[in-house]
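J.:
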Amino acid sequence: MLDYTLLAKAAMLHDIGKLCYRAGLTDDAFAFPQFGAQWFARLLPEDDERVPQLLRCISCHRRCDWDGADLAPDDWSYIIYLADAIAFGAEKTKRSADDVYDAGLCLESVFNYFSDRDTHKRYFLPKAMNTAREINYAVRDDIRASAEDYQKILKIIETSLKQRPLLDIYPYELLQLFEDTLSYLPLTVRVDLPRDISLYEHIKYTAALAVNIAHYCDANGITDYALLCTEEGMAKLQDEPVFLMVSADIAGVYGFLTTPAVQAPLASMRGRSLYLEYFSQLLADEMVHYLKLTKANLIYTGCGRIYLSAPNTPQIKEELEKLSDYVNGWLLKNYGTQLYVAFGVAPCTPLELAGRRLGSGILARVDLAVENNKKNRYPAEVLKDLFDPASSFNAAQTGRECCMCHRELSHSDENRKDGLCGFCRSLLELGKASFKDDRVLAVCSNHAGGSAAVPGYHRVLYLKLLEAKDLEKFKKHNKIVHVYSTKGGYAESYPYLKLRRCDYFVRNAKTGRVLDMQQLAASSMGETYTGVKRLGVLMADVDAIGIALKAGFYRSDLPDPLHYLTSARQLTLSARLSFFFKVILNKIFKGEVQTASGKVRTPFRLFNKPKQPWRNVHVIYSGGDNIFLLGAWDDVVELAVDIHRAFSAYTSGKLAFSAGIGMFTPDFPMSQMFIQAELLKKTAKNVPGTGMIALFGQEADFVSGPDEGLAHVFDWETFEHKVCGEKLSFLTDKLSFGLAAVPGRIKTDRNTLYKLHGVLAASAGKFNLAEFAYAIALLEPKQDNAEAAEIYAEVCRALYGWALDIEGRRQLLTALELLIYSLPNAPKEDF
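End of the sequence shown sits at 846 in my numbering; the numbers just go up one at a time, nothing left out.
Put into structure tokens, the structure is as follows:
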């Protein structure tokens with residue numbers, strides 16, 4: 016049996032010679048593997064028997080390198096060759112003397128090849144990733160890489176591997192090092208090939224495929240790897256279902272998150288969201304560990320969904336079935352039927368993964384398997400117990416029940432005053448702890464005080480969120496399995512895994528305390544200005560993300576429409592989207608808004624008034640392709656526009672997202688905020704087209720509006736430029752609401768705005784021009800003033816012009832509603 020761990024490391028290192036060539040350490044573009052092996056040999060011990068095999072994987076991973084190498088039939092270089100060819104995809108071609116290489120070429124954005132809509136091409140600067148300091152945005156400029164750029168990268172790699180020798184580190188540590196250093200370097204610098212796949216994505220995918228191939232060979236008794244690489248062997252292998260796409264999806268998320276909470280509803284929902292996020296990540300890592308795979312095999316985790324690349328062997332399928340039974344048995348016992356993890360698998364061939372067939376079929380098949388599992392959750396014996404009135408699932412409760420989930424309290428919980436069961440209390444504690452700075456998640460095999468239990472791989476694990484400074488003290492009394500941290504780290508006795516999260520929250524600038532829901536609402540309109548104190552709740556996700564991932568690279572404008580539809584490109588797209596929602600959004604929430612070229616951009620403002628740069632919001636969840644957050648209503652609306660701008664620039668305008676924004680009093684049940692914001696988002700998505708925003712909620716009528724249209728649903732450009740940039744801006748510039756007169760404006764009051772709003776809101780079917788004229792007449796200045804009369808005439812022309820047009824009327828209604836929300840001393844009830 017192979018050493019899968021060492022094989023994974025060898026696969027990650029196979030292209031190290033490309034860095035040496037581009038750094039100017041050799042000018043031979045053809046012999047870079049051999050030079051790479053020589054360069055890397057300096058970092059390895061001479062007397063370790065594993066070293067020669069590892070170096071051969073670097074120097075002999077191409078077919079042309081085998082001549083004279085005297086490789087044994089079971090040399091790992093053959094496995095690396097196969098994995099590299101599949102990972103490279105349909106663009107893998109034979110080398111020729113006419114090939115031209117340019118080491119100065121930079122990594123392209125994957126969106127350069129997404130869809131057939133032509134846009135400006137964008138490129139990444141070749142440098143290491145440092146998200147704490149800056150984001151490396153793709154730019155339009157004609158940039159080039161230098162030898163010094165690659166020398167800096169090599170120096171970082173060399174320094175890291177001297178501190179932690181290659182043969183001693185975990186594969187995930189090497190993978191993390193390469194993510195930090197190779198994410199913005201192109202896989203190839205051949206001038207006739209696309210350069211949108213990073214070297215990091217390629218070596219990660221190659222490592223996953225190499226481990227899968229090794230497992231497949233072991234399971235089928237194949238030891239002659241050289242035979243697989245012959246022309247006949249490869250022709251046979253390319254149609255063999257060697258690989259298995261595995262997916263798992265947590266069902267019941269909606270009901271789990273909307274469980275009503277009387278105590279600390281914000282912390283409770285954030286804790287439940289974190290629990291699901293950590294659960295899916297932990298389950299993925301447990302699968303990787305016990306199936307003897309690597310972190311490289313994890314294709315995607317987020318939104319309760321897992322995609323894993325695995326070998327298609329009977330043992331893997333059997334282990335996955337056992338895992339499903341254990342996890343769902345535990346969930347059924349502890350959460351009833353509320354949560355369920357649906358598993359699905361889809362065998363796939365090397366030819367499918369390489370992209371020479373419609374690669375989207377793999378994801379479609381595995382998604383279908385997951386959906387079928389959701390429809391057939393439990394085996395017959397479990398269903399029998401579920402429907403048996405006398406079974407333990409249906410036993411009558413005789414004691415007190417949890418005030419949150421309504422399950423029966425244990426004897427120890429009955430004596431507590433909070434009325435919560437152990438599970439709900441642990442989720443509440445998880446949410447409260449998430450508002451601490453510099454925190455890490457310790458995963459323990461023992462029950463730590465206040466920890467949340469989750470099912471692992473045939474064992475129960477416990478999640479404890481604590482400050483990093485308390486970790487050493489904590490591990491003295493607990494058995495830590497591994498630790499998750501947003502910053503990464505190192506520990507000798509357990510894995511220290513880096514986990515990116517968008518976990519922004521806001522504190523009071525003076526006291527340093529986390530703002531509660533009342534304080535968030537009170538922060539509306541900033542510290543200087545007053546207005547309606549409402550919470551804004553935003554729910555948004557990317558439109559048609561499934562189609563984008565499965566067929567976004569189908570190019571009808573090319574002779575071969577499937578040319579760019581490779582699994583490697585789909586993985587890169589998924590990674591880029593995840594990076595936006597987990598990393599870039601954190602920057603935007605802090606007020607660090609940038610253009611597509613990385614230049615600082617002024618955050619969007621509804622009203623021309625100075626405010627703090629940061630946003631008064633708390634993120635409940637952001638990852639994968641969706642966002643859920645709440646905060647001061649004006650910050651939430653402004654933030655939505657900032658996110659739209661950033662996302663449009665990030666994807667070159669080729670993807671869009673739709674959002675629902677509800678406005679609620681802070682004492683409104685948070686579970687209902689979630690439900691209504693979700694309904695608003697669905698309303699936006701049901702409108703023809705993509706990229707929509709639907710506003711308001713609670714008592715606001717967001718379904719019907721003027722002339723029976725959707726009252727407050729717009730595409731982003733209309734909302735930003737027509738509703739806010741034109742109508743709202745005009746009203747705020749021409750009207751004043753204070754006691755004193757303001758030069759250049761006409762004085763009015765809330766009641767007049769309510770009258771205008773009421774006429775527009777009641778115009779379904781037929782617009783009442785007479786009532787509207789009466790409402791406008793209320794704006795007429797009382798004093799005889801030529802300047803005021805001129806402004807009034809200008810206001811009349813604008814309002815009549817907008818109101819006599821159906822779409823203009825709709826936009827004006829939304830602008831008026833936003834303006835009324837901004838006024839001081841507004842009534843408590845909605846209008």
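Quick reminder that beta carbons are idealized off the backbone N, C-alpha and C, glycines included.
Taking contact to mean at least 3 C-beta pairs separated by less than 8 Å, is the region 619-636 in contact with the region 755-771?
T.: The region 619-636 is not in contact with the region 755-771.
J.: For A744, name the three-state secondary structure that DSSP assigns.
T.: According to the sequence shown, residue 744 is Ser rather than Ala. Here S744 sits in helix by DSSP.
J.: In the DSSP assignment, find the alpha helix (DSSP H) that holds T328 and state where it starts and stops.
T.: Counting along the chain, T328 falls outside any alpha helix (DSSP H), and DSSP gives it neither H nor E.
J.: Measuring alpha carbon to alpha carbon, tell me which of G376, K390 and F45 ends up nearest V356.
T.: Here the closest residue by C-alpha is K390.
J.: With 16 other CB atoms within 10 Å as the buried threshold, where does V277 fall?
T.: Classification of V277: exposed, given that the 10 Å Cβ count is below 16.
J.: Closer than 8 Å is the cut-off here; do at least three beta carbon pairs connect the region 342-360 with the region 409-419?
T.: Verdict: no, contact absent.
J.: I need the straight-line Cα distance from T763 to A808, nearest angstrom please.
T.: Rounded to the nearest angstrom, the two C-alpha atoms are 15 Å apart.
J.: Starting from P758 and walking both ways along the alpha helix (DSSP H), at which residues does that stretch end?
T.: It is not in any alpha helix (DSSP H) - P758 carries neither H nor E in the DSSP assignment.
J.: Are M260 and I73 close, meaning C-beta to C-beta below 9 Å?
T.: No, Cβ-Cβ distance for M260 and I73 is not below 9 Å.
J.: Do you know how far the Cα of V397 is from the Cα of S407?
T.: Rounded to whole angstroms, S407 to V397 spans 11 Å at the Cα level.
J.: Please state the DSSP three-state secondary structure of Y220.
T.: Helix at Y220.
J.: How would you label D300, buried or exposed, when you count the other beta carbons within 10 angstroms and need 16 or more for buried?
T.: Buried: at least 16 other Cβ atoms inside 10 Å.
J.: Can you give me the start and stop residues for the beta strand (DSSP E) that L512 sits inside?
T.: Its beta strand (DSSP E) spans residues Y511 to K513.
J.: According to DSSP, is C72 helix, strand or coil?
T.: Helix at C72.
J.: According to DSSP, is Q826 part of a helix, a strand, or is it coil?
T.: Helix at Q826.
J.: Put I709 into one of helix, strand or coil per three-state DSSP.
T.: First, the amino acid is wrong: residue 709 is Ala here, not Ile. A709: strand per DSSP, three-state reduction.
J.: Is R285 closer than 9 Å to F271 when the C-beta atoms are compared?
T.: In this structure, R285 does not lie closer than 9 Å to F271 by Cβ.
J.: For D43, tell me which candidate among G638, D117, N800 and K781 has the shortest Cα-Cα distance.
T.: Of the listed residues, the one whose Cα sits closest to D43 is D117.
J.: Given this structure, state the Cα-to-Cα distance separating A395 from F258, to the nearest angstrom.
T.: The straight-line gap from Cα to Cα measures roughly 30 Å.
J.: For G465, which residues of its own chain have a beta-carbon under 8 Å away from its beta-carbon, when the five flanking residues on both sides are left out?
T.: Hits under 8 Å: R440, S441, E444 and K479.
J.: Per DSSP, L750 is paired with what?
T.: The partner list for L750 (beta bridge, DSSP) reads I761.
J.: Using 10 angstroms around the beta-carbon of E188, count the other beta-carbons present and answer buried if the total reaches 16, otherwise exposed.
T.: By the neighbour-count rule (16 or more Cβ atoms within 10 Å), E188 is buried.
J.: With a 10 Å radius around its C-beta and 16 neighbouring C-beta atoms as the bar for buried, classify Y511 as buried or exposed.
T.: Buried: at least 16 other Cβ atoms inside 10 Å.
J.: Specify the secondary structure class of Y165 as computed by DSSP and reduced to three states.
T.: Reduced to three states, the DSSP call for Y165 is helix.
J.: Tell me whether the beta-carbon of L192 lies closer than 9 Å to the beta-carbon of L21.
T.: The answer is no: Cβ separation not under 9 Å.
J.: Out of L577, Y505 and M688, which has the shortest C-alpha to C-alpha gap to R179?
T.: Among L577, Y505 and M688, the Cα nearest to that of R179 belongs to Y505.
J.: Nearest CA to the CA of R522: which residue from L580, D452 and Y290?
T.: The shortest Cα separation from R522 among L580, D452 and Y290 belongs to D452.
J.: Just reading off the beta strand (DSSP E) that P362 is part of, what are its end residues?
T.: Note, P362: beta strand (DSSP E), Y355 to C363.
J.: Hey, V656 and F734: beta-carbon distance below 9 Å or not?
T.: In this structure, F734 lies closer than 9 Å to V656 by Cβ.
J.: Given this structure, state the Cα-to-Cα distance separating A225 from T581, to the nearest angstrom.
T.: Near 18 Å, if we compare the C-alpha coordinates of T581 and A225.
J.: For the alpha helix (DSSP H) that contains K700, what are its first and last residues?
T.: Start and end: M685 to N701.
J.: So, with DSSP's three-state summary, where would you put F408?
T.: Looking at F408 - three-state DSSP - the assignment turns out to be helix.
J.: In whole angstroms, what separates the C-alpha of K167 from that of T196?
T.: The alpha-carbon atoms of K167 and T196 are separated by roughly 9 Å.
J.: Nearest to Y96 by alpha carbon, out of A25, P67, K432 and Q826?
T.: Y96 has its Cα closest to that of A25, out of A25, P67, K432 and Q826.
J.: Just the Cα atoms here: how many angstroms apart are S283 and E194?
T.: Cα to Cα, S283 sits roughly 34 Å from E194.
J.: Would Y477 and S460 qualify as a contact pair, given that the criterion is a beta-carbon distance under 9 Å?
T.: Contact: yes.
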